[in-house]
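Scroll down for the structure; my scribbles are underneath it.
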Amino acid sequence: MSDAEQPTETDPDGEFNPSAPNTGEKFEPVDVFPDSDDFDLRPGSDSCYKCSTCDTNCPVAEVDDEFPGPKFQGPEQWRLKQRDDEHEIDDSVMDCSNCMRCDNACPAGVPLSQMHNTARGEYVSEQMDKTSIEYWRNRILSNYRTSAWLASKLPRLANVAMNVTKEREFPEFATETFREWWDKRGAAAGSKERAQAARRERGLPEDADKKVAYFHGCYSNYNTTEVGKAMVRVYEHFGYEVVVPEQKCSGTPMFANGMLDDARRHAEVNVSSMSDLVDQGYDAIASCTSCSMALRQEYPELFDIPGIDDVAANTFESLEYLRIHEDLQGELAEVEVSGDLAEEFAYHAPCHARNQGLERQALELFRDVDGVGIEDVGESCSGISGTYGWKAEKYEKSMEIGEEMFEHMEHAEGDTGMTECPTCAMQMEHGTGYDIRHPLELLEAALVDGRGV
Amino acid sequence: MLTPNGDKMASAPHIAVIGGGSTGIGIARDLSMRGLDVTLVEQGNLTHGTTGRMHGLLHSGGRYAVADQASATECIEENRVLRDIASHCVEMTGGLFVKRPEDTEKYFQEKLAGCEECGIPAEVVSREEARAMEPHLAKDIDKAITVPDGAIDPFRLVVANAASAMEHGARIETHTTVTDLLVEDGEVVGLEVEHDSGSGKRVHGTEGGREEIRADYVVNATGAWAGRIGEMADVDIEVRPSKGVMTIMNVRQVDTVINRCRPKGDADIIVPHETTAILGTTDEEVEDPAEYPEEQWEVDLMIDELKELVPILEEARTIRSFWGVRPLYEPPDVGSDDPTDITRDYFLLDHETRDDLPGMTSIVGGKFTTYRMMGEEISDHVCNQFGIDADCRTADVPLPGSEKFSVLRDYMDEFGLRSPIGRRSVERLGSRADEVLKTTDPNPVVCNCEGVTRAEIQDAIEQSGSDLNAVRIRTRASMGNCQGGFCCHRMANELHGEYDESVARQAWDELLAERWKGQRHALWGEQLSQAMLNYALHATTQNRDNDPADGEPVDFAAFDAGSTPAQSSGEAGVAADGGTEHGD
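Going down the list, the sequences are from chains A and B. Just so we're aligned, residue 56 is where the first sequence starts under our numbering, counting upward by one. Just so we're aligned, residue 38 is where the second sequence starts under our numbering, counting upward by one.
Okay, structure coming up:
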């Protein structure tokens with residue numbers, strides 16, 4: 056699409072309006088595979104050599120002797136299974152935390168997490184008792200808005216009736232959501248103006264093709280709104296026009312709990328609004344590594360929604376994208392961080408960041424920046440894996456998995472943590488009492504706030 | 038022939054059956070159920086010959102419905118009987134005859150009419166319906182005919198028949214080769230055999246020996262080997278062995294038997310078999326049923342042809358290939374040139390009427406699906422020789438394992454097993470599941486690919502001695518995608534206790550050799566990687582490339598005791614290298 060055709064928010068055709076994008080309501084996906092949740096994944100077993108590298112990399116198998124591990128859950132179970140309904144999924148699939156480290160560990164390309172997600176979906180829809188507390192606890196936990204709302208109103212009820220651990224405190228809600236802030240700030244139109252101003256300052260053509268659609272996810276919207284704000288400010292600083300389309304949960308907690316119908320409903324909205332934008336030359340940017348993982352890998356593996364492959368191919372994590380397109384290193388060399396964020400950071404790479412090859416990005420970016428230090432706390436899993444560590448029966452195991460990370464954080468200089476994943480951040484904070492920041496916040500402090508320092 | 042209180046009559050004739058394939062074992066069961074005294078000898082394991090080398094199709098008769106309607110009618114009858122008496126060996130998958138655009142409509146109609154004439158339930162389904170049943174079918178097929186084909190496990194079936202025969206007093210001798218027929222006064226009166234390792238259950242290292250087995254009648258059920266037995270008494274049995282290749286895929290691409298709907302040809306069937314799919318086959322006459330070339334082009338042909346029906350086969354993993362030899366027979370005056378023209382029917386050759394040699398009958402030709410019917414006919418024939426009037430009961434009495442059972446169980450509660458493992462175990466064991474799997478001892482999974490636990494392995498060892506290939510055919514252990522790479526040593530380990538180290542070592546070597554045999558024909562892609570990984574594991578962690586302990590038994594006690602023999606009395610001591618003694 057040439058710039059001349061670029062739609063504006065006052066598009067007279069009413070076809071596209073970035074400040075009020077496609078809500079997905081009019082969209083009726085063509086159901087190419089009516090039973091697309093019933094994919095036959097037996098052929099995926101062909102790649103497995105039984106080497107068991109996945110099992111030795113599974114953090115749950117390490118602490119849970121009852122858990123048979125990813126090799127059994129994936130290629131072995133699928134190979135033993137038949138398509139008929141009588142062949143049941145083993146209930147141990149519910150003990151997988153969906154950290155997806157097995158995907159990375161496998162030397163042979165077995166689609167392990169796809170097998171686990173599909174098996175779990177089948178287990179939940181076909182075998183799980185829909186009146187059980189476990190089902191409703193999982194369902195509510197995996198619908199973050201509902202669970203967070205419920206917990207903020209009735210924390211004790213959540214602990215007692217829902218079998219959610221009472222060891223953890225529910226995260227605080229921001230008084231103003233990110234989207235409310237965004238609208239007040241002038242939304243897409245405001246962003247466009249600021250982006251154009253930044254381009255002028257940088258000597259770029261005012262109509263440069265720099266535009267991104269922000270997938271903020273639930274947590275940046277309701278809780279850590281500072282991450283969402285940092286994303287907008289940093290991107291505008293580099294001259295990007297940001298739009299914030301209609302969106303639902305990425306589905307990550309739903310995959311982990313086998314709630315594939317819920318996940319699909321949300322994915323349809325997300326894919327619909329993102330694919331419209333991708334068609335118009337926007338790239339999709341997520342600041343949460345599990346959200347970007349969902350859009351990039353899990354969506355096309357699990358669902359068949361029109362436009363899904365284009366969205367997957369054009370989705371990036373927020374730092375990753377800037378490192379590709381901008382001279383971040385160069386700009387950071389010119390600044391010195393002062394103030395709140397002039398800290399020594401204990402950095403933990405989330406498992407889902409590892410799957411996207413992003414586990415070194417924050418370290419490489421910040422290690423030479425004046426005024427800050429950053430130290431990798433190792434390659435272990437944090438142990439929370441989204442909803443896993445919230446379940447009363449999984450809490451101890453979650454903390455046991457996290458132990459190595461906590462220890463390394465204690466040994467690291469400074470007492471501020473850093474990670475891209477909101478639930479890893481919860482676990483880091485819970486285990487050490489540290490403040491946990493997102494790399495975008497540091498980028499903002501260094502490049503936006505720190506200008507002129 | 039039982040007395041009213043169920044004892045065997047003292048005067049029951051003794052019948053020697055040669056051949057431990059489906060035919061021989063079916064005869065042994067039938068005769069022993071009728072009260073006759075039976076000894077069966079087999080040169081290898083049960084199913085060693087053609088039976089263990091087939092694609093596992095339980096024919097509906099559909100394949101013969103146009104050209105050989107007599108066989109087709111027998112097939113559908115026996116198909117129904119086996120579903121009933123051998124339910125734990127049978128999976129009723131259903132079958133499809135798939136017509137591609139290049140296959141003729143005329144033949145499709147003939148097939149449909151043929152099925153109807155033979156009483157085989159058959160219905161036409163559209164391309165869409167066929168692809169809804171089997172999503173991996175090619176997009177450009179025309180249509181298909183559904184028939185009640187099924188899958189059957191030949192190993193399990195033969196083992197269950199043997200168990201039933203033994204319950205009725207039969208003696209079954211495996212690893213026992215017939216070296217001569219005893220002929221006295223122009224009549225066959227028994228066999229001379231060579232036991233590989235003593236009689237009874239096979240135990241490696243047990244000294245073998247010759248034995249004369251005198252019998253009132255001899256049945257030669259050696260299939261492709263029938264001519265060899267005939268030669269021993271100077272009778273000519275013109276079996277025309279014909280080889281066919283079968284290729285095993287790692288997973289089931291289809292859950293229904295897929296046949297190509299065309300008159301005849303190579304590579305026209307895919308049978309879902311347990312966790313795998315088996316592609317077949319070819320039809321080529323060979324001189325010697327034990328020695329014939331196994332060629333790569335035959336394997337390539339399977340994939341090249343069958344991918345037209347199921348395209349995903351082209352990319353799919355092959356785990357091994359094997360060849361079987363059909364024991365085809367036709368009366369010498371027919372003289373077919375092409376083995377595909379030779380009838381699949383069976384022939385009972387009474388050597389008394391045919392060759393003036395009383396005391397022996399040979400059975401040749403025939404198909405696995407009709408093994409029981411053949412057994413019935415020859416048992417009738419044998420009984421006639423002795424004027425015995427006893428009813429055949431093999432069509433009514435279920436085989437051991439096929440009494441009433443359900444596979445819908447709570448595997449974790451009942452057996453402490455993960456559900457897919459419990460499910461597969463119960464499918465294999467049928468009504469014997471409780472007896473075998475309910476154990477208070479630890480019951481780890483020994484073969485992960487096929488989901489086989491220690492309890493099932495131990496049950497098989499109890500049945501078959503130290504022979505791990507016999508354990509394999511009973512349990513499927515080592516028959517999955519790693520082809521024994523991760524479980525052969527565990528299986529050998531299960532022999533410990535009952536058998537000593539040198540027995541376990543020989544059994545292990547034999548199992549590894551057998552596993553390698555079929556994998557040689559699948560060494561590309563994933564299975565080549567698997568074979569390399571298996572080799573590396575076996576060589577570097579188990580000395581399987583060159584074991585210094587092969588040969589003279591190793592005095593392990595000398596190692597356990599450390600360097601000072603005086604300290605081997607069980608007290609903890611310090612070994613010469615400064616480490617503490619192992620094992621305290």
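Just so it is clear, CB atoms sit at the ideal spot from N, CA and C, and this is done for glycine as well.
Which whole-angstrom value describes the C-beta separation of residue 501/B and residue 511/B, a residue pair presumed to lie in contact below a C-beta threshold of 8 Å? For residue 501/B against residue 511/B, the beta-carbon gap comes to about 7 Å, under 8 Å, which counts as contact.
If we count the other Cβ atoms within 10 Å of its Cβ and call it buried at 16 or more, is residue 558/B buried or exposed? buried
Tell me which residue opens and which closes the alpha helix (DSSP H) that residue 248/B is part of. No alpha helix (DSSP H) contains residue 248/B, which is instead part of the beta strand (DSSP E) from 246-251.
Is the region 157-177 of chain B touching the region 323-339 of chain B, taking contact as three or more C-beta pairs under 8 Å? no
Which residues of chain B have a Cβ atom closer than 8 Å to the Cβ of residue 123/A, listed in chain order? 455
In its own chain, which residues sit with a C-beta less than 6 Å from the C-beta of residue 306/B, not counting the 5 before and 5 after it? Spatial neighbours of residue 306/B in its own chain (CB-CB distance under 6 Å, excluding positions within 5 residues in sequence) are listed in chain order as 296, 317.
Taking only beta-carbon positions, decide if residue 102/A is within less than 9 Å of chain B. yes
Contact set between residue 172/B and chain A, taken where Cβ atoms lie within less than 8 Å: Residues of chain A passing the Cβ test: 95.
Just to confirm my understanding: we take residue 140/B, look at its own chain, exclude 5 residues before and 5 after, and list those with CB closer than 6 Å. What are they? 298, 299
Start-to-end residues for the beta strand (DSSP E) that takes in residue 528/B: Note, residue 528/B: premise wrong, no beta strand (DSSP E); alpha helix (DSSP H) at 525-530.
Residues, ordered as in the chain, of the region 563-579 of chain B that lie near chain A by beta-carbon distance below 8 Å: 563, 566, 567, 570
Inspect the CB distances between the region 397-414 of chain A and the region 330-348 of chain A and report whether three or more fall short of 8 Å. yes
Measuring only between beta-carbons, confirm whether residue 379/A sits less than 9 Å from chain B. no
Same chain, Cβ closer than 7 Å to residue 427/B, neighbours up to 5 away in sequence not counted: Within the same chain, residue 427/B has close Cβ partners 38, 71, 72, 420.
What are the boundary residues of the beta strand (DSSP E) that residue 489/A is part of? Element bounds for residue 489/A: n/a, residue is neither H nor E.
Chain A contact residues for residue 288/B, given Cβ-Cβ distances below 9 Å: Within chain A, the residues placing a beta-carbon under 9 Å from that of residue 288/B are 97, 98, 99, 100, 101, 133, 134, ordered along the chain.
Taking contact to mean at least 3 C-beta pairs separated by less than 8 Å, is the region 233-240 of chain B in contact with the region 106-114 of chain B? no
What residues match up with residue 400/B in a beta bridge as DSSP calls it? 385/B
Can you list, in chain order, the residues of the region 136-156 of chain A whose Cβ is nearer than 9 Å to any Cβ on chain B? The region 136-156 of chain A vs chain B, Cβ under 9 Å: 136, 137, 138, 139, 141, 142, 143, 144, 145, 146, 147.
Bridge partners of residue 295/B, per DSSP? 133/B, 307/B
Applying a beta-carbon distance threshold of less than 8 Å, which residues of chain A neighbour residue 405/B? Contacts between residue 405/B and chain A, judged by CB atoms closer than 8 Å, are missing: the closest CB pair is about 23 Å apart.
Using the Cβ count rule (16 or more neighbours within 10 Å means buried), how would you classify residue 310/A? Residue 310/A comes out buried.
Whole-number beta carbon distance between residue 110/A and residue 126/A, since they are thought to touch under 8 Å: 5 Å
Helix, strand or coil for residue 354/B per DSSP? coil
Three-state secondary structure assigned by DSSP to residue 161/B: strand
Just the chain A side, please: which residues come within less than 7 Å of residue 312/B by C-beta, in chain order? 134, 135
Under 9 Å, Cβ to Cβ, is there at least one residue of chain A near residue 518/B? yes
What three-state label does DSSP hand residue 360/B in the structure shown? Residue state, collapsed to three classes: strand.
Own chain residues within Cβ distance below 6 Å of residue 280/A, not counting five before or after: 229, 233
Inter-residue spacing [alpha-carbon to alpha-carbon] between residue 115/B and residue 406/B: Going by C-alpha positions, residue 115/B is about 7 Å away from residue 406/B.
I'd like to know if residue 467/B contacts chain A, where contact means its C-beta is closer than 9 Å to some C-beta of that chain. It does not: the Cβ of residue 467/B has no partner Cβ on chain A nearer than 9 Å.
If the cut is a Cβ gap below 7 Å, which residues of chain A does residue 349/B touch? 98
Using C-beta distances below 7 Å, list every residue in its chain close to residue 100/A, excluding the 5 sequence neighbours before and after it, in chain order. 130, 133, 134
Name the residues in the region 503-527 of chain B whose C-beta lies less than 8 Å from a C-beta of chain A; which are they? Those would be 517, 518, 519, 522, 523, in chain order.
What is the DSSP secondary structure of residue 254/A, reduced to helix, strand or coil? helix
Paired residues, beta bridge with residue 583/B - DSSP: Looking at the DSSP assignment, residue 583/B forms no beta bridge with any residue, so it has no partner.
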